[in-house]
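Input: a single structure, listed below in structure tokens.
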Amino acid sequence: MQEYKLRIEDMAAEERPSNRLISSGATSLSNAELLSIILKSGSVAENAINLSQRVLSQFDLKQLSAIGAQQLMKIHGIKSGKAVQIVACFELARRLETFDGQSKFKINSPEDVYRRLYPAMRESKKEHFVELCLDTKNQIIREDTISIGSLNANIVHPREVFRTALIESAAHIIVAHNHPSGDPTPSREDIDITKKLVETGKIMGIDVLDHVIIGDCRHFSMKEAGHIWKRIPAIKQ
């Protein structure tokens, strides 16, 4: 005899995840129930909740947020439609982490740099060297990825950094890069490139306010560690 598989439609109306979300709020649902709402449907063999439980047994939420549609489609029961729904959901969540209702994101501390860049960098297996061009009020006027390196090396030339700053007429810049190892402790190369950029900035008339290294849930500030000694200009109100 074929085993009967409970469908979402066969559940009592008040027990269905979508109805419980409406009546009790999203926090009342498990991860699998929330994912089942995104997936909308399961298959002949399993309902959306069972499918979601199986997906989450293979990947935790952090892992699930980092994999692409092609890899998701290798999971039995996940085709292109469901895969893109999952990827889109996590991408919106990442963008929300850096969303600021103000017209421009203002940098007041290394923590602000970390909050701005960590969501996009945390899953990367390569080093991304990013430049933040700032106006006189330390508001970001442009964010630019200068280079993408290997797991343990990222060569950056000052001319690539200051080209963007000159185009944007930036008053100051902050540079940052991630350490895929998760440890934000600077290497000798990190310190050397910081000093080189600071010296170039003096010649160009564009202050390098900081070089922030992004690790796993932590960061390192070259300014706070004393590797950038030049006085930061007062922020205009």
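Counting from 1, position 112 in the sequence shown corresponds to residue 312 in the working numbering; the numbering is continuous, with no gaps.
Note that CB positions come from ideal geometry on N, CA and C, so glycine has one too.
{"Item": "What residue range does the beta strand (DSSP E) around Cys-417 cover?", "Value": "Careful: Cys-417 lies outside any beta strand (DSSP E) and carries neither H nor E."}
{"Item": "Are Thr-385 and Phe-420 close, meaning C-beta to C-beta below 8 Å?", "Value": "yes"}
{"Item": "What number of angstroms, rounded off, separates the C-alpha of Lys-423 from the C-alpha of Phe-259?", "Value": "38 Å"}
{"Item": "Spatial neighbours of Arg-216 within its chain, please: CB distance less than 7 Å, with the 5 preceding and 5 following residues excluded, ordered by chain position.", "Value": "Ile-208"}
{"Item": "Who pairs with Asn-378 in a beta bridge, going by DSSP?", "Value": "Ile-414"}
{"Item": "Taking the alpha-carbon of Ser-324 as reference, which of Ser-381, Arg-254, Pro-310 and Ser-223 has the nearest alpha-carbon?", "Value": "Ser-381"}
{"Item": "Which residue's Cα is closest to the Cα of Leu-397: Asp-383, Ile-367, Asn-378 and Glu-360?", "Value": "Glu-360"}
{"Item": "Use the C-beta contact count for Ser-230: other C-beta atoms within 10 angstroms, 16 or more gives buried, fewer gives exposed.", "Value": "exposed"}
{"Item": "Roughly how many whole angstroms lie between the Cα atoms of Ser-236 and Leu-251?", "Value": "8 Å"}
{"Item": "Using only the alpha-carbon positions, how far apart do Val-284 and Asp-312 sit?", "Value": "31 Å"}
{"Item": "For Phe-362, report the span of its alpha helix (DSSP H) as first-last.", "Value": "358–367"}
{"Item": "Please report how far the alpha carbon of Ala-248 lies from the alpha carbon of Glu-368, in whole angstroms.", "Value": "49 Å"}
{"Item": "Smallest Cα separation from Ala-371: which of Ser-347, Ile-406, Pro-358 and Asp-210?", "Value": "Ile-406"}
{"Item": "Starting from Thr-345, trace the beta strand (DSSP E) both ways and give me its first and last residue.", "Value": "340–348"}
{"Item": "Sort Met-321, Phe-305, His-427 and Leu-264 by Cα distance to Arg-388 and report the nearest one.", "Value": "His-427"}
{"Item": "Using 10 angstroms around the beta-carbon of His-411, count the other beta-carbons present and answer buried if the total reaches 16, otherwise exposed.", "Value": "buried"}
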